[in-house]
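Q:
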Amino acid sequence: MTDNIERSDGENWDWEKETREWSAAATDYACFALARRKNKDLVQIIDTKRGLLRFVCIFKDKEQ
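For the sequence shown, my numbering gives the first residue as 1000, with consecutive numbering after it.
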């Protein structure tokens, strides 16, 4: 299965500098559920490799 979601390591990711809409999740699969619940497109998953909610899900508004 191929999706168009960018995946990256982000050990130095800083929530204070992030300008896009985001949420934290325990798994990368949870990012898809969050996107569905928020009615947004998931554009990037960042693995911070730290904490229980180690994945950062980046969203954008759905394209009409």
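Built from N, CA and C at the ideal position, the CB exists for glycine as well.
As the structure is a computational prediction, the values presented were derived from the model and not from experiment.
Roughly how far, in whole angstroms, is the beta-carbon of I1044 from the beta-carbon of R1019, given that I think they are within contact range, below 8 Å?
A: Translated into the one-based positions of the sequence shown, residue 1044 becomes position 45. Translated into the one-based positions of the sequence shown, residue 1019 becomes position 20. At roughly 13 Å, the Cβ-Cβ gap does not stay under 8 Å, so I1044 and R1019 are not in contact.
Q: Indicate the three-state DSSP secondary structure (helix, strand or coil) for D1008 in the structure shown.
A: The residue you call residue 1008 lines up with position 9 of the sequence shown. Correct three-state label for D1008: strand.
Q: Using a Cβ-Cβ cut-off of 8 Å (strictly less than) and excluding sequence neighbours within five positions of F1054, which residues of its own chain qualify?
A: As a first step, residue 1054 is located in the sequence shown; it is residue number 55 there, counting from the start. The answer, listed in chain order, is A1023, A1024, A1025, T1026, D1027, A1029, C1030, I1044, I1045, D1046, T1047.
Q: Would A1034 be called buried (16 or more neighbouring beta carbons within 10 Å of its own) or exposed?
A: Residue mapping note: residue 1034 aligns to position 35 of the sequence shown, counting from 1. The residue is buried, with at least 16 neighbouring Cβ atoms inside 10 Å.
Q: Can you look up L1027 in the DSSP assignment and give me helix, strand or coil?
A: Taking the sequence shown and counting its residues from 1, the one referred to as residue 1027 is at position 28. The residue asked about is misnamed: residue 1027 is Asp in this sequence, not Leu. Helix at D1027.
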